[in-house]
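Here the protein sequences line up with chains L and U, keeping their order. For reference, each letter of the first sequence is one residue, going 1 to 177 in our numbering. For reference, each letter of the second sequence is one residue, going 178 to 771 in our numbering. C-beta atoms are modelled at their ideal positions from N, C-alpha and C, and glycine is treated no differently. As the structure is a computational prediction, the values presented were derived from the model and not from experiment. Following: one structure in structure tokens, then a few remarks.
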Amino acid sequence: MDEEILTEEALILNDIRSHLTTFEKERGNLIPILQMIQEKHAYIPREAIKLVAEYLEIPVCEVYGVATFYNQFRFHPPGKYPIKVCLGTACHVRSGDIILENFERKLEIKEGETTPDREFSIERVACVGCCALAPVAIVGETVHGHMAPSKVEGLLLRIRIEKEKQEREKLTISGNN
Amino acid sequence: MSKIRTQLMLCGGTGCSATSPAVREVFEKELERQGLSEEVQIVETGCNGFCTLGPVMLVQPEGIFYQKIKPKDVPEIVEEHLLKGRPVEKLFYVEPASEETIPTMNEIPFFSHQMLRVMRNKGLIDPEVIDDYIARDGYFGAAKALQEMTPGQIIEEMKISGLRGRGGAGFPTGLKWEFASKSPGDIKYVLCNADEGDPGAFMDRSILEADPHAVLEGMIIAARAINSHKGYIYARTEYPLAIRRLTIAIQQAREYGLLGEDILGTGFDFDIEIYEGAGAFVCGEETALMRSIEGKRGMPRPRPPFPAQKGLWEKPTILNNVETLANVPQIILNGGEWYSGVGTETSKGTKVFALSGDVNNIGLVEVPMGISLRTIVFDIGGGIPNKKEFKAVQLGGPSGGCVPEQHLDIPVDYEEIAKVGAIMGSGGMIVMDENTCMVDMARFFMDFIQDESCGKCTPCREGTRRLLEILNRICEGKGKPGDIEDLEELSSVIKESALCGLGQTGPNPVLSTLRYFRDEYEAHIYEKRCPAKRCVALLKFEIDPDLCSKCGACFRHCPAEAITWKKKDVAVIQKDKCIKCMTCFEKCKFGAIF
Ligand SMILES: Cc1cc2nc3c(=O)[nH]c(=O)nc-3n(C[C@H](O)[C@H](O)[C@H](O)COP(=O)(O)O)c2cc1C
Ligand code: FES
Numbered sequence: 001m002d003e004e005i006l007t008e009e010a011l012i013l014n015d016i017r018s019h020l021t022t023f024e025k026e027r028g029n030l031i032p033i034l035q036m037i038q039e040k041h042a043y044i045p046r047e048a049i050k051l052v053a054e055y056l057e058i059p060v061c062e063v064y065g066v067a068t069f070y071n072q073f074r075f076h077p078p079g080k081y082p083i084k085v086c087l088g089t090a091c092h093v094r095s096g097d098i099i100l101e102n103f104e105r106k107l108e109i110k111e112g113e114t115t116p117d118r119e120f121s122i123e124r125v126a127c128v129g130c131c132a133l134a135p136v137a138i139v140g141e142t143v144h145g146h147m148a149p150s151k152v153e154g155l156l157l158r159i160r161i162e163k164e165k166q167e168r169e170k171l172t173i174s175g176n177n
Numbered sequence: 178m179s180k181i182r183t184q185l186m187l188c189g190g191t192g193c194s195a196t197s198p199a200v201r202e203v204f205e206k207e208l209e210r211q212g213l214s215e216e217v218q219i220v221e222t223g224c225n226g227f228c229t230l231g232p233v234m235l236v237q238p239e240g241i242f243y244q245k246i247k248p249k250d251v252p253e254i255v256e257e258h259l260l261k262g263r264p265v266e267k268l269f270y271v272e273p274a275s276e277e278t279i280p281t282m283n284e285i286p287f288f289s290h291q292m293l294r295v296m297r298n299k300g301l302i303d304p305e306v307i308d309d310y311i312a313r314d315g316y317f318g319a320a321k322a323l324q325e326m327t328p329g330q331i332i333e334e335m336k337i338s339g340l341r342g343r344g345g346a347g348f349p350t351g352l353k354w355e356f357a358s359k360s361p362g363d364i365k366y367v368l369c370n371a372d373e374g375d376p377g378a379f380m381d382r383s384i385l386e387a388d389p390h391a392v393l394e395g396m397i398i399a400a401r402a403i404n405s406h407k408g409y410i411y412a413r414t415e416y417p418l419a420i421r422r423l424t425i426a427i428q429q430a431r432e433y434g435l436l437g438e439d440i441l442g443t444g445f446d447f448d449i450e451i452y453e454g455a456g457a458f459v460c461g462e463e464t465a466l467m468r469s470i471e472g473k474r475g476m477p478r479p480r481p482p483f484p485a486q487k488g489l490w491e492k493p494t495i496l497n498n499v500e501t502l503a504n505v506p507q508i509i510l511n512g513g514e515w516y517s518g519v520g521t522e523t524s525k526g527t528k529v530f531a532l533s534g535d536v537n538n539i540g541l542v543e544v545p546m547g548i549s550l551r552t553i554v555f556d557i558g559g560g561i562p563n564k565k566e567f568k569a570v571q572l573g574g575p576s577g578g579c580v581p582e583q584h585l586d587i588p589v590d591y592e593e594i595a596k597v598g599a600i601m602g603s604g605g606m607i608v609m610d611e612n613t614c615m616v617d618m619a620r621f622f623m624d625f626i627q628d629e630s631c632g633k634c635t636p637c638r639e640g641t642r643r644l645l646e647i648l649n650r651i652c653e654g655k656g657k658p659g660d661i662e663d664l665e666e667l668s669s670v671i672k673e674s675a676l677c678g679l680g681q682t683g684p685n686p687v688l689s690t691l692r693y694f695r696d697e698y699e700a701h702i703y704e705k706r707c708p709a710k711r712c713v714a715l716l717k718f719e720i721d722p723d724l725c726s727k728c729g730a731c732f733r734h735c736p737a738e739a740i741t742w743k744k745k746d747v748a749v750i751q752k753d754k755c756i757k758c759m760t761c762f763e764k765c766k767f768g769a770i771f
């Protein structure tokens with residue numbers, strides 16, 4: 001798996017290199033550059049920090065300091081199905097933390113981590129603006145409202161079934177060719 | 178000429194957008210099928226406010242209000258209402274108390290107690306069409322400010338209005354502008370704070386999504402008042418829809434000559450850029466926000482010098498909150514006297530709140546200052562669901578405090594709210610019922626503050642961590658005598674010595690819950706009991722045979738097979754198998770598990 005990540009990272013780094021030049025070499029562009037990387041690749045590889053520092057001609061530690069200061073930036077690749085559990089106040093009042101714990105227990109990872117097969121990752125977020133549906137979990141782009149401990153397992157099961165279905169469809173398509 | 182006779186104002190706010198796209202799709206198909214596409218227009222609006230009932234839709238011009246629309250309801254609405262003129266009654270709002278159906282929006286109590294100024298356009302315009310905004314007197318205020326008023330007159334009008342900052346601190350807006358206007362220098366900046374850091378609030382986001390031009394117009398007027406030519410909106414990246422709408426709005430305003438050079442032919446130049454914040458609560462603080470725009474770690478610095486003298490890139494700068502700025506155009510258009518006609522002695526105009534938590538009507542509400550908290554919770558909010566008891570309402574998020582039942586009649590007013598130990602805040606209003614543990618709430622906010630502390634000053638960095646440790650211990654059943662006193666002492670030290678507002682207000686949730694719910698802390702510490710049955714570590718996972726109805730619901734749902742049950746018998750939890758996932762608490766309708 002590590003090797004897989006390494007080749008993947010090499011591709012990502014090349015891509016970042018080609019996009020860096022669209023930014024002017026200004027200190028003020030540091031956060032927008034990091035945001036570009038985060039948006040395109042969903043995380044900031046360690047090596048990318050060096051690239052950015054070289055490009056802006058500032059110390060690596062400064063880039064690292066800024067990147068770790070802000071919540072938006074991740075340093076590990078997320079899972080294919082990133083799960084975000086809302087821990088905003090309204091969701092907390094309706095036991096969002098218990099939902100988070102149930103996801104953690106079921107997937108055997110902690111918040112901020114990704115499963116070894118890189119299928120799922122768990123993240124906590126604050127108020128996604130759907131307080132009327134509290135507690136809320138977001139899988140990919142889909143909002144799942146009125147979560148309850150008993151719904152966690154079903155939700156994960158649904159994702160797995162959906163995935164298997166897609167894979168089977170892919171197989172039959174390639175089989176037909 | 179357009180043949181449009183009916184507009185369907187479908188809510189595309191964040192709360193409704195989980196479900197409204199599917200509804201819209203079916204509407205498009207059905208209108209096409211019935212040949213109504215030319216006459217009936219679908220408009221996607223910003224947040225309507227009544228998020229509980231989402232997705233909601235207003236049919237204009239009749240004002241019929243539909244709620245909880247499902248895709249399968251759409252053919253009926255199109256056929257019955259739009260084709261045959263018979264509104265679909267089963268989708269009307271039903272008043273829970275009287276069970277009366279209410280067909281039009283204005284008669285629903287949730288709306289009728291509100292007063293819309295900042296949100297006057299919500300649900301009525303397409304936020305992506307500048308002409309919609311202009312048709313409702315949009316940019317008339319800016320035109321008046323630029324063409325007929327001097328900067329001094331603008332500031333005077335703002336001072337008469339009595340408008341105070343809606344970002345939390347409540348500083349008089351006119352005064353802030355006056356300071357900046359008097360600061361020497363050719364380069365000055367106008368900033369809009371759209372960072373909305375309170376983790377339980379979505380007012381600013383909804384304003385930006387529903388009526389972005391109002392904020393731009395407010396910024397133009399502010400720029401004129403202090404003679405600035407460049408503005409920034411600091412918006413959270415987590416608000417992609419708001420950012421998209423702002424981008425479109427800025428583009429359109431430039432095309433109409435309302436931004437850029439020589440605005441409205443007056444020779445005044447001003448332009449606005451959006452800066453996407455990268456998610457850090459402390460960046461809502463004014464000096465930290467400016468550091469962040471400069472591309473640095475968003476750490477606050479001591480004041481003075483104040484931003485009005487030395488702000489962004491050391492130039493005189495004003496920073497105002499989204500809601501503050503959205504109030505400005507109407508103050509200029511209708512006059513400061515008009516604005517101050519509503520409210521209390523020291524708090525004028527209206528305030529927007531994001532009402533949520535354990536309350537029937539969750540959503541966005543705008544109320545006149547001076548209205549009582551009780552009216553908001555029980556009349557507009559419709560009270561507490563599931564026949565539970567009200568416990569407290571939390572205002573001001575992590576910097577704020579809670580207001581218990583005995584103070585619920587106080588008015589919405591900066592000073593009155595402060596007297597009972599809470600703050601007006603930016604507008605988060607979370608209702609809590611009997612099942613909310615107040616120690617856990619304090620722990621929740623402290624966890625947030627501790628995590629978001631920027632680390633620059635020691636009292637906040639270390640102090641909040643120690644507070645959190647104590648609170649964690651209490652919630653885990655390891656509290657000990659003296660903890661309460663330690664919490665109090667540490668809190669007051671942090672409040673006095675922290676560098677910025679984050680630390681200075683961070684202990685508020687602890688102090689306010691201690692003030693009103695000390696007994697809950699004591700129950701946790703001395704009896705190892707959580708009265709609200711919320712702290713998992715303090716639950717016994719046993720079943721009270723007197724309350725158990727022997728229904729077997731817990732047994733059927735337990736994912737760990739830790740519960741044994743036979744028909745007509747009280748269920749039993751086997752503790753060695755129990756994983757404490759709380760499913761049985763969720764499924765037991767009788768509160769028999771403790
Ligand atoms: C830790 C901290 C976080 C803040 N977060 C916000 C915020 O998210 N939005 C906001 O408008 N003001 C926030 N403020 C208040 C701002 O510092 C500032 O007072 C306000 O934006 C000024 O605008 P106003 O006068 O229009 O309220 C925060 C203050 C502190 C100390
Ligand atoms: S607190 Fe979770 S959506 Fe608002």
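Assuming residue i contacts residue j under a Cβ cut-off of 8 Å, what Cβ separation, rounded to an integer in Å, is found between them?
i	j	result
L/Ile159	L/Tyr81	6 Å
U/Asp590	U/Thr682	Contact flag wrong, Cβ pair sits at about 19 Å.
U/Ser338	U/Gly513	4 Å
U/Gly456	L/Tyr64	At roughly 17 Å, the Cβ-Cβ gap does not stay under 8 Å, so U/Gly456 and L/Tyr64 are not in contact.
U/Gly467	U/Thr501	Sequence check: residue 467 of chain U is Met here, not Gly. U/Met467 to U/Thr501, Cβ: 17 Å. No contact.
U/Asn538	U/Phe287	5 Å
L/Gly96	L/Ala126	10 Å between Cβ atoms; not a contact.
L/Ile122	L/Glu113	7 Å
Please list the terminal residues of the continuous alpha helix (DSSP H) segment that includes residue i.
i	result
L/His41	Leu30 to His41
U/Ser469	Glu463 to Ile470
U/Ala322	Phe317 to Glu325
U/Lys565	Where U/Lys565 is concerned, there is no enclosing alpha helix (DSSP H), given that its DSSP letter is neither H nor E.
U/Asn537	Here U/Asn537 belongs to no alpha helix (DSSP H), and DSSP marks it neither H nor E.
U/Met618	Met615 to Glu629
U/Val687	Asn685 to Tyr703
U/Phe288	Pro286 to Ser289
U/Ser669	Asp660 to Ser674
U/Arg201	Ser197 to Arg210
U/Tyr310	Ile307 to Ala312
What are the boundary residues of the beta strand (DSSP E) that includes residue i?
i	result
U/Asn404	Note, U/Asn404: premise wrong, no beta strand (DSSP E); not H, not E.
U/Gln222	What sits at residue 222 of chain U in the sequence shown is Thr, not Gln. Segment Val217 to Thr222, the beta strand (DSSP E) holding U/Thr222.
U/Glu272	Premise fails: U/Glu272 is in no beta strand (DSSP E) and is neither H nor E.
U/Ala371	Tyr366 to Ala371
U/Gly605	Gly605 to Asp610
U/Gln583	Element bounds for U/Gln583: n/a, residue is neither H nor E.
Would you decide whether residue i is buried or exposed? Buried here means 16 or more other CB atoms lie within 10 Å of its CB.
i	result
U/Pro722	exposed
U/Gly558	buried
U/Gly329	exposed
U/Pro575	buried
U/Pro581	buried
U/Gly632	exposed
U/Lys528	buried
U/Val670	exposed
U/Tyr703	exposed
L/Cys61	exposed
U/Trp354	buried
U/Phe348	exposed
query: Are the stretch 428 to 446 of chain U and the stretch 55 to 73 of chain L touching, with three or more C-beta to C-beta distances below 8 Å?
result: no
- request: Flag this pair as touching only if the stretch 606 to 626 of chain U and the stretch 708 to 725 of chain U have three or more C-beta atom pairs under 8 Å; answer yes or no.
  value: yes
message: When you compare the stretch 477 to 487 of chain U with the stretch 299 to 311 of chain U, are there three or more beta-carbon pairs, one atom per stretch, that lie closer than 8 Å?
response: no
task: Mind the definition here: the stretch 381 to 393 of chain U touches the stretch 470 to 477 of chain U only if three or more C-beta pairs lie below 8 Å; say whether that holds.
output: no
- request: Assess, as a yes-or-no matter, whether the stretch 735 to 747 of chain U is touched by the stretch 680 to 700 of chain U under the definition of 3 or more beta carbon pairs within less than 8 Å.
  value: no
- request: Decide if the stretch 599 to 607 of chain U is in contact with the stretch 365 to 381 of chain U; the criterion is three or more beta carbon pairs, one per stretch, under 8 Å apart.
  value: yes
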